[in-house]
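**Student:** Position in the sequence shown (from 1) plus 4 gives the number in our numbering.
First the structure, then my questions, so here it is.
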Amino acid sequence: MIRYIFLTYILIQALPFRAFAAEPYKPQMSDPMLESWRWQSFPQLKGPGFRTVVEDTKNHLWFGTDSGVKHYDGITWTDYTTADGLHGAPINVLCAAKDSSVYAGSRKGISQFKNGSWHRVFPLDPKVDWTIWSIREAADGTIWSGTARGALSISPNGDLRYYTTNDCADGLKIIAPWMTYVIVPDKFVTPKGWSNNIGIKVALGLPPDGGPITGAVIRAVAPNGPAGRAGVRVGDRILSRQGKDSPPDLKYNGPPGTTAKMKLRYLNDTHIRDVEIPRESVSGQFRDFWIFDAYPDSKGTIWFAVRTGELIRYNGSSENPLFERFDAKDGIEITDVRPGTKLIESPDGFLWAVTIESGGLNKFDGTSWSSSKLADLGGSDQNASVSLSPDGTMWIGGESTLHAYRQGQWTVYQAPKALIPNGRIIVQADKSNRLWVGGIGHGISNVDLGQNHFETYQNLSFQFETNNGTQWFLTSEGSPVSFFQKWSQHPITDQNPDISIIALVPAIDNEIWAVGNQQNTVEIYRYNNTRWQKSISAKISSKINPTSISTLNDGAVWFGSDDAAYQYTGQKLNTYRTNHLVHAIGQTTEGTVWISSRTNLYRLENQTIQQITQPEALNRTITKAILGSKNGDLWIGTEFFGLFQFDGTFWKRHDIQDGLPDNNITDIIDLPDGHIIASTVEGMSRFDGQAWVNYLTDIPNAAPNGLRVGPQNQHWINTKNQHTIHHTPRTQAPQTTITVNLTKVSQPGNTILSWQGADPWRASTQHLMFSHRLDNEDWSPYTPSTNRVLLSQPSGQHTFQVRARNTDFIVDPSPSQLTFQVAPPLWREPWLVITVFCLIFSGVTQTVRIVQRDRQLQKTNKDLQVAQADLERRVALRTKELKETNEQLIFEAAERQKTERELIHLERLRALGEMSAGISHNLNNMLTGILGPAQMVKDLMTNPSGQFYADTILKSAARARDLVERLHQAVRGQKKNIQGPVQVNQVVLDAIQTTRPRWKDEMESRGIVIEMLTQLETVPEIKANQTGLHDVLVNLIFNALDAMPDGGSITLATDVQDGHVMIRIRDTGEGMNEETQARVFEPFFTTKMNIGTGLGLFTVHGEIESWNGDIDVKSTIGKGTTFTIQLPALLALTIEPEPIQNKASHVQKRSILIVDDEEVVRDIVVHELSKHHHVISDINGIDARETIAKQNFEIAFIDLGMPGMPGDTLAQQIKETNPTIATILMTGWILDEDDPRLEPFDFNIQKPIETHDLHRIIALAAQLHETREQALET
């Protein structure tokens, strides 16, 4: 009985805890190899022909390349070639020793980098070449190397031992007597026949890249063979064969009965012998010993991978050295192949052998060998490299495939899922858990496999972190999970099965609350470190919006539904009606609660909800995120207008023009350093208080309300696919270097300073931002700029500092500094001071002399008085003549000054013309990159919204194109016939609407009121450019706004007078004096010294004149200004010919050549025309000329300015050699009609190019081509 009572008690005590106890949980992590943002490519190794890589004891990387060795310390790249002491190149193998030295192997031998320099360590004789296949270091510091004729060991004290067969040793001892030979018994080596029919072996074998070998040394001669009978001996160097450089062994064969003629020289002898060797069958066998790898294992034994397919184990530690052979009968599958067998020991004690040929993957368990095929797992059996990660993962690089062996399981990686290159893969894992992956002859990339910076949890959504460091998550099924030293799952056992847990939030008294929802029912559960308890189950108006759930300063949980916001205090559920879906709820530091509901923003004060009506833009878009930042500002994220920041007094807008990736905001958080992070549908951006910078650009976009920040500045990003990315910013700071060596600057104190940055272990520096200052002034905002121009610096010493900041916003703690001296002005130069002193001294001396002579002059003066009377009479006679001459000189001087002013004016106009021509050319090329893709996007779009956005881009780009052309024409003083007609009143209304953000939104946000009035009468149309007239009116409205800093009114009026349409723009601003009115239309004249260019009204004046119109200005100081535009009314319309239509369904396929050095223009034209035509492109005239010589073309689009050969020269050559080809000039330059460069072309199409213009001109060019073809046939 007592036993049953005891068991019942135990059962009762166990039931509650069993029902609510935490369960072990194992999160599923994403494979780092498949996360693209972890990869980075190093362009420094794309060209040099990468071959191998190794990491030294300092965690620096060494790369073997075609030309030598590259060293990378995480910041600086250093190149080493044979000029630096390397013994041969390319470098096929590298080994980092424990003493911090590095060994490099080539076809010539082994070099060692030690104490800052390279030197040769093998062979000792520099005239003997020795091909190296592998270099390894044993535990005792001995270096082991697999070579072309055996295995080499270099002891720590430098002793050389060479392991080879008797057959090889006989000859090698003559060639290389400076090392000790260890003979491998014949029974362990497979014999082979002589590889040629003259009976010789040379000291060099087939090189890894199949290149030629010169000066080969004979290391073996067949007994009684043809070469031996001809007097050839071991040690002879073959200088030539049949008059050519000596090739490898296999190239000495020839037809039996023929003769091999050689020039030989024995070792160091100077005598050269001519030898003729008859070719015949050579009997006998030879035991060669090519070792592809010599690998010391953890037990102290050495494994030799032999070319003939067997593995030999050597135990040299015993008194009697022991050799053991393993081959196919022992389970090994290694083909007799070219170099490529590699050995490695995995942490579980297995020895692995992989081969570059299609052999098996061989594994030795300490007793026996077994073989398997990686191809059976979807991998490759052609494997060139193998490496071990710090976590014990074994990596094998195959043909376009990477294999990973972890805890007894294989994983195969191939492109495009993993960013690995094609071809033979070289792989190396470093101690920092980075994996370096490269292709032989290609570049190299690395992938960060560690969890120090990124972790991705699958099917988990991060919720928050408590004060004690516990991290809380929700699974994709809605089950709570926590992590604090271990992972645990906390199921809610009494949860209503119809309720889904959608959020976990921290609440009052350090409790955890789980919010569940199903239709119009909400349930909240409390967790008190042991169990979940239901706190409330209530009916609400509709389903909860998950993005609205949050806890505020009062510890209550807030959430929203379709028409209300709710506050649950733990005791009571309060309701605040909004009538629309609640998207977000937030609170500012002073305690105000803010609620966003569709297009409305509400503020909760004294338990009363109030709608916010300003700024007006907030009421025209959905507000999706709210943040009360730590500095007290309110941030509102919208769907269309970006971010709004409210500091308690003023609103400020942030959008794509300020650097945001997109205006559709999904979440906002602030960091401990006060920075703001905003996530958009196109990525994240970070605001440092001065500028927005794209942030974590490569990771997946965050889901709505998907950003979190931990106490230690860790970032949590909940993605749309229900994964959580945990990012811990790097702590390594970038480095900054000023790249100019400047100590002195001459007057007038102008110079340019430039700098560069480096980010540890980052492949590119384009992400770095820089801030600078001069003479301890305030630091400038961070920008990507790497130079600064200094003008008119005062004389004396100056100090310039610059610092870099990386994408983790880590700033260089030691800014780069440059101190320089600006020379003093001329009047402070020592030589000038001395000169002035001498002049003063001379003046004083002369004064003394004058005083002494004064008395004598007084006497002489009396004599002169007599002569003065006569002189005055003579002067009177000449005065009249001098007066007339003086008047003539004054007139001529005035004329000269007037001429000089006109010349200066003309020179400035000429410079402006050249500048506008260059700008027009560059902008037209760039606008082609906008108009073309925008038209293509519009053609592909099917939804009205997408077509609207595409139309907006097309209209804006077209206006930019017209503006460029009008500016250029205005500067050059030319007139161009512009299409019409134009409805004046509509353009006036459009201009008012365009400028509305400036005169209404911006001015009202600053407390300024601008009244915009219209007095529009019915007026006829004019012949002008509608976009040009629009920009003229916008320019004049902006000038009026600038003249009214305190507010006022602007009136736009139209009427008709004497057959002309009059447009008047009146403001009530500050007005202008008569001098300003007289010069207001001059180029470069401006009264806005800090912001004006002086070209606005000058351009307006030129535009109006080009339409045969006039513009006048009347102004009164203190009352305002009126600009009056007079334009002739359009009395009749000219019907222009209808353009040739491009109907894709009836287009005949043409052969077209595109020649343009602008990549963007070339790609767009090729992409568009390739839809209907056969298109070939070249980047310059020289390549195009060769292409035309090989293929037939009907039409050629040719750019004007290209490197090597101008476009008009190419067109002229085409006209001479291929006269049927229709040539089309495609240029961004605005050329005169009589420009001689147009003569070789049949047609001219002006950039920027629109797609319909392309198809129209192709139709014309095709007709011309066919006409020429018919003419030639007749």
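Cβ coordinates follow ideal geometry from the N, Cα and C atoms, glycine included.
When DSSP labels each residue in this structure, what does G590 get in the three-state scheme?
**Tutor:** G590: strand per DSSP, three-state reduction.
**Student:** What is the DSSP secondary structure of M1230, reduced to helix, strand or coil?
**Tutor:** In the structure shown, M1230 sits in a strand (DSSP, three-state: E or B).
**Student:** Between which residues of its own chain and Q649 is the CB-CB distance below 6 angstroms, once the five residues before and five after are set aside?
**Tutor:** D637, W639 and K656
**Student:** Give a yes or no on whether the C-beta atoms belonging to P127 and W137 are separated by under 8 angstroms.
**Tutor:** no
**Student:** Tell me which same chain residues have a C-beta within less than 8 angstroms of the C-beta of T485, skipping the five on either side of it?
**Tutor:** The residue you asked about is not Thr; residue 485 is Val in the sequence shown. Counting only residues of its own chain and dropping the five nearest sequence neighbours on each side, V485 has a CB closer than 8 angstroms to the CB of Y29, P31, L464, W476, F477, L478, T479, W491, S492, Q493 and H494.
**Student:** Identify the continuous beta strand (DSSP E) that holds H494 and give its terminal residues.
**Tutor:** Looking at the DSSP string, H494 is not in any beta strand (DSSP E), and its letter there is neither H nor E.
**Student:** Does G1011 pass the burial test, meaning 16 or more other C-beta atoms within 10 Å, or should it be called exposed?
**Tutor:** exposed
**Student:** Can you tell which of G1211, E1172 and I1228 has its C-alpha closest to the C-alpha of T1248?
**Tutor:** Thr is not the amino acid found at residue 1248; the sequence shown has Asn there. When only C-alpha atoms are compared, the closest one is I1228.
**Student:** Quickly, what does DSSP pair G564 with across the bridge? List them, please.
**Tutor:** N549 and A569
**Student:** Out of V697, H731, E349 and L622, which one is the CA nearest neighbour of V713?
**Tutor:** H731
**Student:** Measure the beta-carbon distance from Y699 to T603 and round it to whole angstroms, keeping in mind my assumption that it falls under 8 angstroms.
**Tutor:** Contact doesn't hold; Cβ gap of about 28 angstroms is too wide.
**Student:** Reducing DSSP to helix, strand and coil, say where A1263 ends up.
**Tutor:** helix
**Student:** Does DSSP classify V991 as helix, strand or coil?
**Tutor:** helix
**Student:** Is it buried or exposed for W373, if we count other Cβ within 10 angstroms and need 16 for buried?
**Tutor:** buried
**Student:** Between which two residues does the alpha helix (DSSP H) harbouring P230 extend?
**Tutor:** P230 to R233
**Student:** Within 10 angstroms of the Cβ of F117, are there 16 or more other Cβ atoms? Answer buried if so, exposed if not.
**Tutor:** buried
**Student:** Judging by CA-CA distance, which residue of G229, T592, D666 and S565 is the nearest neighbour of K543?
**Tutor:** S565
**Student:** One question on the structure: do A264 and Y270 come within less than 8 angstroms of each other, judged by their Cβ atoms?
**Tutor:** no
**Student:** Is it buried or exposed, H1259, if we count other Cβ atoms within 10 angstroms and call 16 or more buried?
**Tutor:** buried
**Student:** Per DSSP, S1345 forms a beta bridge with which residues?
**Tutor:** In the structure displayed, the chain extends from 5 to 1278; residue 1345 sits before or after that span and is not available.
**Student:** Considering only their Cβ atoms, is the gap separating S554 from V509 smaller than 8 angstroms?
**Tutor:** Cβ atoms of V509 and S554: closer than 8 angstroms.
**Student:** If we call anything under 8 angstroms between Cβ atoms a contact, is R809 one with L757?
**Tutor:** Between R809 and L757, the gap from beta carbon to beta carbon reaches 8 angstroms or more.
**Student:** I need the boundaries of the alpha helix (DSSP H) containing K1251, first residue and last residue.
**Tutor:** Per DSSP, K1251 belongs to no alpha helix (DSSP H) and is neither H nor E.
**Student:** Within the region 53 to 133, note down every full beta strand (DSSP E) run reaching 3 residues or more, in order along the chain.
**Tutor:** Segments of the beta strand (DSSP E) lying fully in the region 53 to 133: 54 to 59, 65 to 69, 73 to 76, 81 to 84, 97 to 100, 106 to 109, 114 to 118 and 121 to 126.
**Student:** Taking the C-alpha atoms as reference points, what is the distance between A827 and T803?
**Tutor:** Counting only the Cα atoms, T803 lies some 14 angstroms from A827.
**Student:** What runs of the beta strand (DSSP E), each 3 residues or longer, lie entirely inside the region 271 to 337?
**Tutor:** 276 to 282, 295 to 300, 306 to 310, 315 to 319 and 326 to 330
**Student:** According to DSSP, simplified to helix, strand and coil, what is H1034?
**Tutor:** helix
**Student:** Could you tell me which residues DSSP pairs with E141 in its beta bridges?
**Tutor:** According to DSSP, which records beta bridges pairwise, E141 is partnered with I147.
**Student:** If you reduce the DSSP assignment to three classes, tell me which class V1164 lands in.
**Tutor:** helix
**Student:** Would you give the residue range spanned by the alpha helix (DSSP H) that I424 belongs to?
**Tutor:** Premise fails: I424 is in no alpha helix (DSSP H) and is neither H nor E.
**Student:** Output yes or no for whether 8 angstroms exceeds the beta carbon distance between S775 and R734.
**Tutor:** no
**Student:** Measure the C-alpha to C-alpha separation of I179 and Y107 and round it to an integer number of angstroms.
**Tutor:** I179 and Y107: Cα-Cα distance of roughly 23 angstroms.
**Student:** Closest to G443 by C-alpha separation, out of S818, N426, Q455 and D452, would be which residue?
**Tutor:** N426
**Student:** Residue range of the beta strand (DSSP E) that H1105 falls in?
**Tutor:** Taken as a continuous stretch (DSSP letters only), H1105 belongs to no beta strand (DSSP E), being part of the alpha helix (DSSP H) at G1100 to S1110.
**Student:** Helix, strand or coil for T359 per DSSP?
**Tutor:** Residue state for T359 is assigned as coil, using DSSP reduced to three classes.
**Student:** Run through DSSP, which three-state label would A1193 get?
**Tutor:** helix
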